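Trainee:
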Amino acid sequence: MKFHARKFLPVLFLLLPVLISLSVIVCPALGAPQAAARVRFADIERLPQDGVSYLPADPDAPIADFANQIAYAEAYLVRHFAPWQASDLSFLGITFRELAAFHNSTARRRWYSSDGTQITRAYIDAIVRNGAINESAVPRRGVMILPDDVRILPYGRSVYGSRSSALGLNGLLRLDILQLSTARPGEPLAMFHASADLNWVFVATSTVAGWVRNSSVAVVDDEFIDRVMSSDMAVIAHDNVEVAGGDGRLLYRLKLGTVLPAEDGKVLLPVRGGRAFADLAMHEFASGAAQPFPIKFTPRNAALAIDQMIGETYGWGGSSGLRDCSALTRDYFALFGIWLPRNSRAQARVGELISLENIPVNERSGAITSQGVPFATLLQMPGHIMLYIGTRGGEPLVFHNIWGVRLRGNGRAVVGRAVISTLRLGAEIPNRLENSLLLDRLTVMSFPMEELSACPSSVNNE
Numbered sequence: 180m181k182f183h184a185r186k187f188l189p190v191l192f193l194l195l196p197v198l199i200s201l202s203v204i205v206c207p208a209l210g211a212p213q214a215a216a217r218v219r220f221a222d223i224e225r226l227p228q229d230g231v232s233y234l235p236a237d238p239d240a241p242i243a244d245f246a247n248q249i250a251y252a253e254a255y256l257v258r259h260f261a262p263w264q265a266s267d268l269s270f271l272g273i274t275f276r277e278l279a280a281f282h283n284s285t286a287r288r289r290w291y292s293s294d295g296t297q298i299t300r301a302y303i304d305a306i307v308r309n310g311a312i313n314e315s316a317v318p319r320r321g322v323m324i325l326p327d328d329v330r331i332l333p334y335g336r337s338v339y340g341s342r343s344s345a346l347g348l349n350g351l352l353r354l355d356i357l358q359l360s361t362a363r364p365g366e367p368l369a370m371f372h373a374s375a376d377l378n379w380v381f382v383a384t385s386t387v388a389g390w391v392r393n394s395s396v397a398v399v400d401d402e403f404i405d406r407v408m409s410s411d412m413a414v415i416a417h418d419n420v421e422v423a424g425g426d427g428r429l430l431y432r433l434k435l436g437t438v439l440p441a442e443d444g445k446v447l448l449p450v451r452g453g454r455a456f457a458d459l460a461m462h463e464f465a466s467g468a469a470q471p472f473p474i475k476f477t478p479r480n481a482a483l484a485i486d487q488m489i490g491e492t493y494g495w496g497g498s499s500g501l502r503d504c505s506a507l508t509r510d511y512f513a514l515f516g517i518w519l520p521r522n523s524r525a526q527a528r529v530g531e532l533i534s535l536e537n538i539p540v541n542e543r544s545g546a547i548t549s550q551g552v553p554f555a556t557l558l559q560m561p562g563h564i565m566l567y568i569g570t571r572g573g574e575p576l577v578f579h580n581i582w583g584v585r586l587r588g589n590g591r592a593v594v595g596r597a598v599i600s601t602l603r604l605g606a607e608i609p610n611r612l613e614n615s616l617l618l619d620r621l622t623v624m625s626f627p628m629e630e631l632s633a634c635p636s637s638v639n640n641e
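Under the working numbering, think of the first position of the sequence shown as 180, with each following residue one higher.
Have a look at this one:
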């Protein structure tokens, strides 16, 4: 089935959540901490760290009807292309005034550099002046031509909210307080205005609004948009697919879950053309790296996606070309045509929801295994989100990218990567903070394909 974007773009768009909270928790920004508590986790050593090990007897039986997937993929593309229809930020469900208030609150915090040195107020004020938001700006349509971080303010270096965070003391998060998300090549943009020094552009993607480098974007015209939206759509199914320039040098790597136009079996990637406008270049990748969008939602395809991402180092907000917990789940579900917002809290509000807060902790595992659909169910706690993949030994298993387990004294035992674990990860650690297990803190079980919530769990993985 050929799948085109143009015919699925309605006049009115649903309001989309935006990542505007940095109150997350289980993972840091760039790099490993200076004094992290290194622990051998029994779960990670005991459980096979690959998705294929958890396949059911019939791994190719569909998790969801493909006709339903097509409907979800249509909705995905409506959101994906929303920035090209934007006149303001209403498609993200926010206003410029609200966003400016959030930026100003970040600017009023204390900032520390990566060596733990406090940054002067004069230096911060200069960054704020460079990134003053123009609330009356009329957007131009654009596209990402290179991957880039999306920043709260136009400043590329990592900054932290405390010296302890900056240094990663006791395994604490090295959480860059300016990092919102990442934008990838081919992402449609609403481009509002430039920074005072012209090095940055304030943009909105389908999920987030913030600053990206001017060198990473290009303007698009009607001809470009018409070609993209009349093309078939493809999704990158391998992780870190290399894209080389005409001279053979590596330009960047495409992440699994990236959705792009395609023609004649080749992916169309945007490049900078004349007068700062974008052109499209055809790229042919190795077999299986780019597949028609969406991929059929089966346990086998789900496990193969997990195996592409397993073991990846944690990167807060997608920094350094890595993933945090919600980037992992968003990319995973994108393969199957299912759109998720950018942060964990918003993701857990998509589709059909089952509250776990009022279920006693000793009964939560049973609720998950009896009602959860392996490879299609999200489990959320404050600041973290996980994919339920089935059971082993009667315990629910999850795939997630997690920073660590909380210890007494405000420290962390560091995991720092994407793993398969039970919901009792770190239970054997003697100085673990009481009631800090994943199972203790669960709040919501959600089904992004809400029709699946009525289906009993049919996969046991024993």
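Don't be surprised by glycine CBs; every beta carbon is placed ideally from N, CA and C.
Only a predicted model underlies this, so the values are computations on that prediction, with no experimental measurement involved.
With a threshold of 16 other CB atoms inside 10 Å of the CB of residue 561, please say whether the residue is buried or exposed.
Mentor: exposed
Trainee: Is the segment 531-544 touching the segment 490-497 in the sense that three or more CB pairs, one from each, lie closer than 8 Å?
Mentor: no
Trainee: Does the distance from the CB of residue 459 to the CB of residue 449 come in under 9 Å?
Mentor: yes
Trainee: Extract the residue ranges of the alpha helix (DSSP H) inside the segment 520-596, only unbroken runs of 4 or more that lie entirely within it.
Mentor: 523-526, 540-550
Trainee: Which same chain residues end up closer than 6 Å to residue 376 when comparing Cβ atoms and leaving out the 5 residues on each side of it in sequence?
Mentor: If you ignore the 5 residues before and after residue 376, its C-beta comes within less than 6 Å of the C-beta of 309, all in its own chain and listed in chain order.
Trainee: When you compare only the Cα positions, how much space is there between residue 395 and residue 437?
Mentor: C-alpha of residue 395 to C-alpha of residue 437: approximately 16 Å in a straight line.
Trainee: Give the list of continuous beta strand (DSSP E) stretches no shorter than 3 residues that lie fully inside the segment 239-302.
Mentor: Complete beta strand (DSSP E) runs here, min 3: none at all.
Trainee: What are the residues that DSSP puts in a beta bridge with residue 445?
Mentor: Note: residue 445 sits in a beta bridge opposite 442.
Trainee: Can you tell me whether residue 306 is helix, strand or coil according to DSSP?
Mentor: helix
Trainee: Going by DSSP in three states, residue 228 sits in which element: helix, strand or coil?
Mentor: coil
Trainee: Note the first and the last residue of the continuous alpha helix (DSSP H) segment covering residue 343.
Mentor: 342-346
Trainee: Looking at residue 625: is its Cβ nearer than 9 Å to the Cβ of residue 226?
Mentor: no
Trainee: Which residue wins for smallest C-alpha separation from residue 373, given the options 510, 332, 511, 545?
Mentor: Here the closest residue by C-alpha is 332.
Trainee: Buried or exposed: where does residue 206 fall if 16 or more other Cβ atoms within 10 Å of its Cβ makes it buried?
Mentor: For residue 206, the predicted structure reports a pLDDT of 36, less than 50, and the residue's modelled location is therefore unreliable. A value from the coordinates is still provided. Note on residue 206: 16 or more other CB atoms within 10 angstroms of its CB, so buried under the neighbour-count rule.
Trainee: Any heavy atom of the ligand HEM closer than 8 Å to the Cβ of residue 620?
Mentor: The model on display carries no ligand, and the ligand HEM is accordingly not part of it.
Trainee: In its own chain, which residues sit with a C-beta less than 6 Å from the C-beta of residue 382, not counting the 5 before and 5 after it?
Mentor: Contacts found: 368, 370, 391.
Trainee: Pair every Cβ in the segment 541-548 with every Cβ in the segment 463-476, then say whether three or more of these pairs are closer than 8 Å.
Mentor: no
Trainee: For the alpha helix (DSSP H) holding residue 651, just list the boundary residues, first then last.
Mentor: Residue 651 is absent from the model: the chain starts at 180 and stops at 641.
Trainee: Is it buried or exposed, residue 649, if we count other Cβ atoms within 10 angstroms and call 16 or more buried?
Mentor: For the chain, the structure presents residues 180 to 641; residue 649 sits outside this window and is missing.
Trainee: Could you name the residues that DSSP lists as bridge partners for residue 319?
Mentor: Answer is 370.
Trainee: For residue 696 and residue 294, what's the separation of their Cα atoms in angstroms?
Mentor: One cannot answer for residue 696 here, as it falls past the ends of the chain, which runs 180 to 641.
Trainee: Span of the beta strand (DSSP E) holding residue 413?
Mentor: 411-415
Trainee: Which whole-angstrom value is the C-beta distance of residue 238 and residue 478, which I expect to be below 8 Å?
Mentor: 5 Å
Trainee: Please report the straight-line C-alpha distance between residue 249 and residue 262, rounded to a whole angstrom.
Mentor: 22 Å
Trainee: On a CA-only basis, which of 590, 304, 510, 312 is nearest residue 388? Give me that one, please.
Mentor: 312
Trainee: Cutting at 8 Å between CB atoms, please list the residues of its own chain near residue 429, excluding the five before and the five after it.
Mentor: 421, 422, 423
Trainee: With DSSP collapsed to three states, give me the class of residue 476.
Mentor: coil
Trainee: For residue 447 versus residue 441, is the C-beta distance shorter than 9 Å?
Mentor: yes
Trainee: I'd like to know whether the C-beta atoms of residue 352 and residue 329 end up nearer to each other than 9 Å.
Mentor: no
Trainee: In whole angstroms, what separates the C-alpha of residue 252 from that of residue 364?
Mentor: 19 Å
Trainee: Go ahead and label residue 505 buried or exposed: buried means 16 or more other beta carbons lie within 10 angstroms of its beta carbon, across all protein chains shown.
Mentor: buried
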